[in-house]
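These protein sequence lines are chains G and X, in that order.
Per the numbering used here, the first sequence runs over residues 4 to 405.
Per the numbering used here, the second sequence runs over residues 776 to 995.
All residues carry an ideal CB built from backbone N, CA and C; glycine is no exception.
On a predicted model such as this, the values are computed, not experimentally measured, just so you know.
Worksheet: the structure to be examined is printed underneath.
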Amino acid sequence: MLPCYDYGRRSVEIAMLLTYIREAVRSLYTAKQRTLLALIGISIAIGAVISLVSIGIIWGNEMLRKATAAGPDILQIDPPWNQEDGEDITVRDTFLLLNSSRTLAEAVPMISTYGTSFFNGQYWATYIVGTTSSYKTINKLRLKAGRFISSLDKNKYYIVIGSEVLEKPAFKNFKGDLLGSTVKINNRSCTVVGTLEDSTYDWHAKYSIIMPISTVTHLFNEKNISKITARMQPNVDFRVATKEIERYFKQRKNIEVMVKANEQRIEEIKEVTAMLTLLLGFISSISLLVGGVGIMNVMLTSVMDRRREIGILRAIGARQRDIRRQFLTEAVILCLIGGIMGAGIGILACYIVCSINEWTFFIPKLGLWLGLGVSSLVGIFFGFYPAHKAAKLDPITALRSE
Amino acid sequence: MLKIRDLYKSYQVGHEMMPILKGINLDVEKGELLAVTGSSGSGKSTLMSIMGLLDKPTRGRYWLDNKEVLRCSDDELATMRNRKIGFVFQSFYLLQRLTAAENVGCPLRYNKISLRKIHRRSLAMLEKVGLADRASHRPDELSGGQQQRVAIARALIGKPAIVLADEPTGALDSHVSQEIMDLFISLNQQEGVTIIIITHDQSIAKQCSRVMIMEDGVLK
């Protein structure tokens, strides 16, 4: 029975559209199997677009979050890889740099090396970081227990243990209070004064045993700084600070340091993320092509099967554009249903990837709109040829066909 | 109402043109009930397709409701089929997905009429052909005679200038055929509907006010 909608004369067009939609749904429902097969194709394709684009966006967000958490005002100064012409950078240079600089608020030297550790009956090779007390604040480290090394610890054999080092069996199996225990590093007994929580994005602090920089210098006979972490004064452009630092080391020591600003990294991450999202979107749209061809196939079969119906409609007064519109509506509705299913698949896939990687899951609006928009476009694009073919059928041939 | 002059139609078969209609002349007045008979292959159906604006003649002139129709565009032809012509076919040609009432209302969809009005008029039309109680049945739930009545209601709903019936009783047994014929006659006499029936059944043709015979592509 026809439902009785009451539309004014002006909304006759809308009523017409509703009729098309109702007809389309009904005819799609009549050809269940075919509809289902087409839906599988298109929904997987759209699911791929939504999930890949969303994963790209979420990944970028994650990277960005890490970079901003470390502080946008932080600069990393690395000496060149092979140092031939110039001199080495020492702890003293760090303080000279800070004193002469007008852009830097803080500069923390760091020596990274490795040694042999012995604890709880086990030997293993460890990364060692020698640094000063400011390393904790500038890298936003958090203590699990005890304290960080302080300026009073000069030349003392005190150590702070990084969060990943604590996962070693030697520490895991240790019952008792770690603070005050002795760890042998290169056969020197060192006292544990603190342990770090797994809260930092600083790779070194996680995987190393941290000692006062003076201790590392004489224990490992290593004067050369591996890295300087610096914080800029407020409202300083990272380009200005970078230039200044580069010039300082070029003039004083004739070496070319590498300065990496977190702010610059943030910009780079944004660029890379945009590129990646675009690339993922592009790759996944290949699957859309496959899904779209599936839609076209189903629609063409549908047109062939319903030639008689097209003939009847033409005989009772349907214009070519009426037929075209009816079949286009059908294709678009097919794609939209596929799009909604695909959105479900995509969001689910995205959620799974996020939980595996421990990323913060959210549904990026762009991904969703892209998926649904693209699905109707696919419907129009791949539905057009079959619809056009239906419209161009000769009425009398269509009517007489079986 | 309907005027045809020197109408020819040939089909290409291989490399040769095969003539089907060889100079048809026909005048149909308003309110006529005309039968066109003839053996199969004589060109009756081709003439019906051309009169119904579903096919174009090779040459000739054709006026429908005082309008020269052969120069019309495809869209105009569709609109004329919608407004001026009602079709009744041998095998009914109803849409299986739709109910009887929806089938009847189908032509009005292309007429910018609200769904509520379409529904009301469909029901009224079904009542006229005696099927008011079958409005929500689908074609496969109806008998042949009932399906043909639905098809007649569909042909009439747009108040066409002319109804073209192509072997309307060809798929029905003689008892039901007579019922359908009675319906045509009463529509013609009481409502003044102009009807052209194409049939090879002499008992049907005899009941019409005028009979023309198609023989070898010419109307006599």
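Continuous beta strand (DSSP E) stretch holding residue i: start and end
i	result
Asn142(G)	Unbroken run through Asn142(G): none, as it is neither H nor E.
Pro215(G)	Ser211 to Pro215
Val968(X)	First-last for Val968(X): undefined, no H or E at that position.
Pro794(X)	Glu791 to Val803
Ala940(X)	Ile937 to Asp941
Ile779(X)	Leu777 to Val788
Glu851(X)	Unbroken run through Glu851(X) is the alpha helix (DSSP H), Asp849 to Lys859; no beta strand (DSSP E).
Environment of residue i [buried if 16+ CB atoms lie within 10 Å]
i	result
Glu877(X)	buried
Trp62(G)	buried
Thr140(G)	exposed
His950(X)	exposed
Thr218(G)	buried
His221(G)	exposed
Ser287(G)	buried
Met307(G)	exposed
Gln236(G)	exposed
Met4(G)	Legend: pLDDT at Met4(G) = 41, less than 50; position of this residue unreliable, value from coordinates given subsequently. Met4(G) comes out exposed.
Ala394(G)	buried
Asp9(G)	Unreliable positioning characterises Asp9(G) in this predicted model, as indicated by a pLDDT of 47, which lies under 50. The coordinate reading is nonetheless provided below. Classification for Asp9(G): exposed.
Ile359(G)	exposed
Pro6(G)	Residue placement at Pro6(G) is flagged as unreliable, the pLDDT there being 47, under the threshold of 50; the coordinate-derived value follows with that caveat. Under this definition Pro6(G) is an exposed residue.
His790(X)	exposed
Pro398(G)	buried
Asn102(G)	exposed
CB contact check: residue i to chain G, cutoff 8 Å
i	result
Cys983(X)	no
Tyr868(X)	yes
Gly992(X)	no
Cys847(X)	no
Phe862(X)	yes
Ser785(X)	no
Asn963(X)	no
Arg913(X)	no
Asn841(X)	no
Any chain X beta carbon closer than 8 Å to residue i
i	result
Ala18(G)	yes
Gln329(G)	no
Leu337(G)	no
Ala318(G)	yes
Glu312(G)	yes
Arg29(G)	yes
Thr33(G)	yes
Leu279(G)	no
Ile272(G)	no
Asp325(G)	yes
Cys7(G)	Any reading at Cys7(G) needs caution, since the residue's pLDDT is 44, under 50, leaving its predicted position unreliable; the model's value is listed next. Yes, its Cβ sits closer than 8 Å to a Cβ of chain X.
Leu396(G)	no
Leu292(G)	no
Ala321(G)	yes
Ile399(G)	yes
Ile24(G)	no
Leu402(G)	yes
Ile289(G)	no
Ile315(G)	yes
First through last residue of the alpha helix (DSSP H) which encompasses residue i
i	result
Gly920(X)	Gly919 to Leu931
Ser824(X)	Lys819 to Met826
Val879(X)	Ala875 to Gly880
Leu808(X)	No alpha helix (DSSP H) holds Leu808(X); the beta strand (DSSP E) holding it covers Leu808 to Thr812.
Lys408(G)	The structure shown has nothing for residue 408(G), since chain G only spans 4 to 405.
Arg895(X)	Leu890 to Lys903
Gln977(X)	Gln977 to Ala980
The segment 933-945 of chain X touching the segment 823-832 of chain X, judged by at least three CB pairs closer than 8 Å: Touching, yes, given that three or more Cβ pairs across the two stretches are closer than 8 Å.
Entirely enclosed alpha helix (DSSP H) segments - the segment 62-132 of chain G, minimum 4 residues: Here the runs fully enclosed are 94-103.
Validate contact between the segment 369-386 of chain G and the segment 73-82 of chain G using beta carbons, cut 8 Å, 3 pairs: With the cut-off at 8 Å, the segment 369-386 of chain G and the segment 73-82 of chain G do not touch.
The segment 877-887 of chain X contacting the segment 341-359 of chain G, beta-carbon criterion three pairs below 8 Å: The segment 877-887 of chain X vs the segment 341-359 of chain G: no contact.
Uninterrupted alpha helix (DSSP H) stretches inside the segment 318-405 of chain G (no shorter than 4 residues): Counting whole runs of 4 or more residues, the segment 318-405 of chain G contains the alpha helix (DSSP H) stretches 323-360, 368-395 and 398-403.
Whole alpha helix (DSSP H) elements within the segment 280-311 of chain G, 4-residue minimum: Whole alpha helix (DSSP H) segments, 4+ residues: zero.
Touching by the beta-carbon criterion (3+ pairs, under 8 Å), the segment 169-176 of chain G and the segment 92-99 of chain G: The answer is no - the segment 92-99 of chain G does not touch the segment 169-176 of chain G, with fewer than three Cβ pairs under 8 Å.
contact_flag[the segment 13-31 of chain G, the segment 324-341 of chain G] where n(CB pairs < 8 Å) is 3 or more: Yes: the two stretches touch, three or more of their Cβ pairs being nearer than 8 Å.
Runs of beta strand (DSSP E) lying entirely within the segment 250-285 of chain G, each at least 3 residues, in chain order: Taking 3 residues as the minimum length, the beta strand (DSSP E) runs contained wholly in the segment 250-285 of chain G are 261-264, in order along the chain.
Three or more C-beta pairs below 8 Å linking the segment 849-868 of chain X and the segment 310-320 of chain G: Verdict: yes, contact present.
The segment 902-922 of chain X / the segment 352-361 of chain G touching (three or more Cβ pairs under 8 Å): No: fewer than three Cβ pairs fall under 8 Å.
Beta strand (DSSP E) segments (min. 3 residues) lying fully within the segment 136-205 of chain G: If we require 3 residues or more, the beta strand (DSSP E) runs fully inside the segment 136-205 of chain G come out as 146-149, 161-164, 185-188 and 191-199.
Inter-stretch contact (C-beta, 8 Å, three-pair minimum) for the segment 363-375 of chain G and the segment 70-77 of chain G: Judged by pairs of C-beta atoms under 8 Å, the segment 363-375 of chain G does not touch the segment 70-77 of chain G, as fewer than three such pairs exist.
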